[in-house]
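Under the working numbering, the letters of the sequence shown match residues 40 to 303, in that order.
Let me begin by presenting the structure, written as structure tokens, before commenting on it.
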Amino acid sequence: RDRIGNQIMLRVLNTVTVCLALGLCALAGWQIQNPATFELVSKSPAAAIQQTTELSFLQTSSFVDQVYLYAGLAVDNKHETGFIAKEIRKHNYQTQIRLFTSLDDATVRAVLWDQGVHCLVWPPFVRYPGISETAKTDLRAYAAAGNNVVFMGNYVAVQFMNDVFGFQLTDDYQNGPYYRNDRNVRNTPYQFLPSRVEQASIETYAVKTRSLPPGGKSMLDTLGATVAFVIRYDLGTVCYIGYNYNTPFHADQWTRVLHCAIDM
40 RDRIGNQIML
50 RVLNTVTVCL
60 ALGLCALAGW
70 QIQNPATFEL
80 VSKSPAAAIQ
90 QTTELSFLQT
100 SSFVDQVYLY
110 AGLAVDNKHE
120 TGFIAKEIRK
130 HNYQTQIRLF
140 TSLDDATVRA
150 VLWDQGVHCL
160 VWPPFVRYPG
170 ISETAKTDLR
180 AYAAAGNNVV
190 FMGNYVAVQF
200 MNDVFGFQLT
210 DDYQNGPYYR
220 NDRNVRNTPY
230 QFLPSRVEQA
240 SIETYAVKTR
250 SLPPGGKSML
260 DTLGATVAFV
270 IRYDLGTVCY
280 IGYNYNTPFH
290 ADQWTRVLHC
300 AIDM
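Next comes the structure, spelled out in structure tokens:
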């Protein structure tokens with residue numbers, strides 16, 4: 040009986056040994072055929088998650104799917120509006136740009152009450168936009184409800200923001216480059232920007248950082264002047280980019296700034 044038990048045990052061990060040998064042979068063959076995959080799997084978790092800030096920026100998948108863009112008489116539709124629409128969709132081709140051209144009360148209310156769109160972009164103004172007090176009230180309510188309003192360009196935009204939202208922003212000018220404010224960009228899309236953004240042209244319009252209201256944070260600044268800031272407005276945000284996008288120089292950097300503002 041002991042002899043039979045020993046024979047059974049020996050057969051079991053032989054079977055296990057053969058199975059292990061076959062498994063090792065199969066693994067070796069797979070490694071030879073898939074060296075790149077094996078190398079990726081064998082790396083440590085810390086190495087696997089390392090990536091540059093540029094890759095992080097391009098891999099953010101939560102970018103908005105729809106944006107309202109003003110394209111009326113108060114902006115330069117011949118040279119700027121179409122270009123800005125294209126830049127918004129750069130690397131984000133799933134995003135739909137919905138244009139509106141009128142600032143009458145009914146049109147503004149239809150835009151702001153659209154439950155499917157949570158970002159409104161104003162291109163650089165060439166003249167002060169004619170908007171009623173009713174529309175201004177609706178715009179404030181839109182931002183306060185948790186939506187995002189993005190202004191671009193120049194001191195007309197700054198004055199418009201003051202008039203609509205009751206800010207007391209003061210215009211300023213400082214030559215670039217402009218530096219990422221690492222204290223303020225944490226946990227925002229702006230954290231993926233380069234540490235400095237070059238001045239693209241003399242038509243860069245800054246605001247004195249000290250004039251930002253409570254809840255306002257500068258994202259790009261130099262010498263007390265901010266060219267990109269975010270103001271928390273109840274549940275929503277009001278963003279400003281002090282550039283009019285009228286030159287191709289350093290356009291990629293400023294397109295990234297625009298994406299950050301829209302993605303707030």
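Ideal placement from N, C-alpha and C gives every residue a C-beta, glycine not left out.
The model shown is predicted, which means the values in this text are computed figures rather than measured ones.
Below 8 Å CB to CB, which residues in the same chain sit around residue i once its five sequence neighbours on both sides are set aside?
| i | result |
| --- | --- |
| R104 | Here residue 104 turns out to be Asp, not Arg, going by the sequence shown. For D104, where only same-chain residues beyond five positions count, the Cβ hits under 8 Å are Q133, T134 and Q135. |
Determine, using beta carbons only, whether residue i comes closer than 9 Å to chain C.
| i | result |
| --- | --- |
| L151 | Any reference to chain C falls outside this structure, which holds one protein chain only. |
Can you tell me the Cα-Cα spacing of residue i and residue j, whole angstroms?
| i | j | result |
| --- | --- | --- |
| E237 | K125 | 21 Å |
| D273 | G254 | 9 Å |
| V195 | Y244 | 10 Å |
| R219 | G263 | 13 Å |
| N223 | S257 | 7 Å |
| N193 | T146 | 25 Å |
| G281 | V197 | 9 Å |
| I123 | G275 | 23 Å |
| T227 | M303 | 7 Å |
| V203 | G169 | 12 Å |
| Y181 | V269 | 16 Å |
| G121 | P252 | 32 Å |
| D153 | S240 | 36 Å |
| V160 | R249 | 25 Å |
| D291 | H130 | 11 Å |
To which residues of the same chain is residue i closer than 6 Å at the C-beta, ignoring the five residues directly before and after it?
| i | result |
| --- | --- |
| C158 | V103, V106, N187 and I301 |
| K247 | T209 and D211 |
| R271 | G254 |
| F206 | M200 and P252 |
With residue i as the anchor, note down where its alpha helix (DSSP H) starts and where it stops.
| i | result |
| --- | --- |
| Y194 | Y194 to F204 |
| R219 | Counting along the chain, R219 falls outside any alpha helix (DSSP H), though it belongs to the beta strand (DSSP E) covering Y217 to R219. |
Along the chain, where does the beta strand (DSSP E) containing residue i start, and where does it finish?
| i | result |
| --- | --- |
| V160 | C158 to W161 |
| L108 | Q105 to Y109 |
| V188 | N187 to M191 |
Suppose the cutoff is 7 Å on Cβ atoms and the five residues either side in sequence are ignored; what does the same chain contact list for residue i look like?
| i | result |
| --- | --- |
| K82 | With a pLDDT of 38 at K82, under the threshold of 50, the predicted position of this residue should be treated as unreliable, and no value is reported. |
| N214 | Q238 |
| G111 | T140, S141 and L142 |
| T173 | D144 |
| L138 | L108 and A110 |
| T297 | The sequence as given places Leu at residue 297; Thr does not occur at that position. Excluding sequence neighbours, L297 sits near E126, I127 and I280. |
Please report the Cβ distance between residue i and residue j, rounded to the nearest whole angstrom; I am assuming they are in contact, meaning their Cβ atoms lie under 8 Å.
| i | j | result |
| --- | --- | --- |
| V156 | A113 | Between A113 and V156 the Cβ distance is about 20 Å, and since that is not below 8 Å, they are no contact. |
| P233 | M191 | Wrong, their Cβ atoms sit about 20 Å apart, outside the cutoff. |
Report task. Please list the segments of the beta strand (DSSP E) lying wholly inside the stretch 230-300, counting only runs of 3 or more residues, in order along the chain. Result -> When DSSP assignments are scanned along the stretch 230-300, the uninterrupted stretches of beta strand (DSSP E) that are 3 or more residues long and fall wholly within it turn out to be 245-247, 255-261, 264-272 and 275-280.
Query raised in the report: For the stretch 120-183, which segments carrying the alpha helix (DSSP H) assignment without a break, of at least 4 residues, lie completely within its bounds, in sequence order?
Result: Those alpha helix (DSSP H) runs which fall completely within the stretch 120-183 and span 4+ residues are 121-127, 144-151 and 172-183.
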